[in-house]
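Chemist: The structure follows.
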Amino acid sequence: MSPFSFFDSINRAKLEKFLDLPMPIIIGQLRACHLLRSHLTYPKCQVPCVEYSKLRPAFPGCGWRYNKCATTYSALRDSWFSRVRLDVRMILRLLYSFCWEQASLRSVKNELRAPDGSTISNQSFVDYLSFFREVCWLDNERQQKIGGPGKVVEIDETAFSKRKYNRGKRMAAQQWVFGGVERGNKTKLFAIPVAKRDAATLLSLIQYHIADGTEIHSDCWAAFNKISTLGRSYTHLTVNHSLTFKCKKTGACTNAVEGMWQKLKLPHKVRYGTHRFQLSSHVACAVFFIRHEKEHRFRAILESI
Numbered sequence: 001m002s003p004f005s006f007f008d009s010i011n012r013a014k015l016e017k018f019l020d021l022p023m024p025i026i027i028g029q030l031r032a033c034h035l036l037r038s039h040l041t042y043p044k045c046q047v048p049c050v051e052y053s054k055l056r057p058a059f060p061g062c063g064w065r066y067n068k069c070a071t072t073y074s075a076l077r078d079s080w081f082s083r084v085r086l087d088v089r090m091i092l093r094l095l096y097s098f099c100w101e102q103a104s105l106r107s108v109k110n111e112l113r114a115p116d117g118s119t120i121s122n123q124s125f126v127d128y129l130s131f132f133r134e135v136c137w138l139d140n141e142r143q144q145k146i147g148g149p150g151k152v153v154e155i156d157e158t159a160f161s162k163r164k165y166n167r168g169k170r171m172a173a174q175q176w177v178f179g180g181v182e183r184g185n186k187t188k189l190f191a192i193p194v195a196k197r198d199a200a201t202l203l204s205l206i207q208y209h210i211a212d213g214t215e216i217h218s219d220c221w222a223a224f225n226k227i228s229t230l231g232r233s234y235t236h237l238t239v240n241h242s243l244t245f246k247c248k249k250t251g252a253c254t255n256a257v258e259g260m261w262q263k264l265k266l267p268h269k270v271r272y273g274t275h276r277f278q279l280s281s282h283v284a285c286a287v288f289f290i291r292h293e294k295e296h297r298f299r300a301i302l303e304s305i
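Start counting the sequence shown at 1; every next residue gets the next number (full-length UniProt numbering).
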C-alpha cells in the first residue's frame, strides 16, 4: 500500500488528529511519503548526519546534526518544504484549505491564529498560494498527451479578459486561452494562455498536447484549417456555430470544451478578475482541480510535491 493512501479522502477532523501528534511522528509520515529526506550527509565531508530532537518546541521540533562540529539542519532541508518559513503543520492546514477551495484570507487567518493573537500575514498568504499553484502547473506539465486512435478531442479558444461592447475602462489587449478536452474523460484536458491565436501558435500546441491518430472537433476558426496537413494522422471535423451547435452530417460538436471553459472561468469571476501576469498559474490551478476530485486533491498535490 502506498504511504500516500493515508492522505487519500482525508477529512478535516482526521487531518487535525494527525497534526496533533508529536512532531517526530509527523516528520516520519512525511519521510515515508518521500516528501522529506530520510537521511542527510554533511556537505563538506559527506559524513552522515544523525537525527536529533530539539529541547525547545521550536520549528520544526526535530532535525539533523553533524556531531563533529555540532552543525544542525532542519528536518525540511533539501525538500519542497525548505522554501517555507511557517510550521509544517500550518502549511499542511493551508494546503488542505487550498485543495478544497476554502483558502480565503479571512478564514485562513482565523484558522492559523496563534494563542498570542498573531497569524499569517497578507503577503505570506499570497506567496504560499502562489507556491501551491506552481505545484499544480508542474503537475499538469508532466501529464501525457490526450486523445489517441479512436478518441475524440474537442478544442477551442476563449477570451479571459475583454471589454464588453467596447465600453468601460481601458485595458490591455484581450488575453486568449487555448485548450482541449478528451470526450468522455473530463480529467484529460489542457488549457494554455496564448499571445496570439494564429495558426503557427495553435497548431504547435495541438501537436504538443494531442496524440497522433486523434479525431479533433473544433469550430470554423481559420487557424484550424491546416490541422489535417500536420502529418500526425489527425482527423479534423468542424461545426459552424453560426448555424448549429452540432453538425448533423458529421456529429462534430464542442459542447465538452465549452463546459470546460465554464469551470475554468468560474474562479476567475469569483475573484472579480485575475491580474494578467498571474493568469497562467490560475488557469493551471483550475485545470489541476478539474483533473482531481476534491476528495483526492490533497493526496494528488502531495504526490506532485
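Where is the CB? At the ideal position from N, CA and C, for every residue including glycine.
The model shown is predicted, which means the values in this text are computed figures rather than measured ones.
Buried or exposed: which applies to GLU293, given that a residue is buried once 16 or more other Cβ atoms fall within 10 Å of its Cβ?
Modeler: By the 10 Å Cβ count, GLU293 comes out exposed.
Chemist: Could you tell me which whole alpha helix (DSSP H) segments of length 4 or greater appear in the region 61-106?
Modeler: The qualifying runs are 88-99.
Chemist: Can you give me the C-alpha to C-alpha distance between ALA32 and LEU95, rounded to a whole angstrom?
Modeler: One C-alpha to the other measures close to 19 Å.
Chemist: Residues in the same chain with beta-carbon distance under 7 Å from HIS209, minus the five sequence neighbours each way, listed in chain order, please.
Modeler: Here the set comprises LYS145, ILE146, GLY180 and PHE190.
Chemist: Using three-state DSSP, classify CYS136 as helix, strand or coil.
Modeler: Note: CYS136 maps to helix in three-state DSSP.
Chemist: Please report the distance separating the alpha-carbon of GLU295 from that of TRP100.
Modeler: Each residue's alpha carbon lies about 8 Å from the other.
Chemist: At the level of alpha carbons, what is the spacing between ALA58 and ASP78?
Modeler: With a pLDDT of 48 at ALA58, under the threshold of 50, the modelled position of that residue is not reliable, and the figure given next carries that caveat. About 19 Å.
Chemist: Give a yes or no on whether the C-beta atoms belonging to LYS72 and ARG65 are separated by under 9 Å.
Modeler: The sequence shown places Thr at residue 72, rather than the Lys named in the question. Yes, Cβ-Cβ distance for THR72 and ARG65 is below 9 Å.
Chemist: Per DSSP, which one or two residues make a beta bridge with GLY179?
Modeler: Note: GLY179 sits in a beta bridge opposite ASP156 and ALA191.
Chemist: Which residue marks the beginning of the alpha helix (DSSP H) containing ILE206, and which one marks its end?
Modeler: First-last of the alpha helix (DSSP H) with ILE206: 199-209.
Chemist: For the beta strand (DSSP E) containing GLU295, name the first residue and the last one.
Modeler: That residue, GLU295, is in no beta strand (DSSP E); its alpha helix (DSSP H) goes 294-304.
Chemist: Specify the secondary structure class of PRO115 as computed by DSSP and reduced to three states.
Modeler: Residue state, collapsed to three classes: coil.
Chemist: Would you grab the beta carbon distance between THR254 and VAL239 for me? Rounded to a whole angstrom, and I think it's under 8 Å.
Modeler: That pair is a contact at about 6 Å.
Chemist: Near ARG113, what residues of its chain come up, given a Cβ to Cβ distance below 8 Å and the 5 sequence neighbours on each side ignored?
Modeler: Answer for ARG113: THR119, listed in chain order.
Chemist: How far does the beta strand (DSSP E) with VAL50 in it extend, from its first residue to its last?
Modeler: Where VAL50 is concerned, the enclosing beta strand (DSSP E) stretches over 50-53.
Chemist: Looking at the secondary structure, which residues open and close the alpha helix (DSSP H) in which LEU264 lies?
Modeler: Looking at the DSSP string, the run of the alpha helix (DSSP H) that includes LEU264 is 255-270.
Chemist: For HIS39, does the count of other Cβ atoms within 10 angstroms reach 16, so buried, or fall short, so exposed?
Modeler: HIS39 is exposed by the Cβ-count criterion.
Chemist: According to DSSP, is ASN122 part of a helix, a strand, or is it coil?
Modeler: DSSP places ASN122 in helix when its eight states are reduced to three.
Chemist: Which whole-angstrom value describes the C-beta separation of GLN207 and LEU230, a residue pair presumed to lie in contact below a C-beta threshold of 8 Å?
Modeler: Confirmed, Cβ separation roughly 6 Å.
Chemist: Just reading off the beta strand (DSSP E) that ILE216 is part of, what are its end residues?
Modeler: Here the beta strand (DSSP E) through ILE216 covers 215-218.
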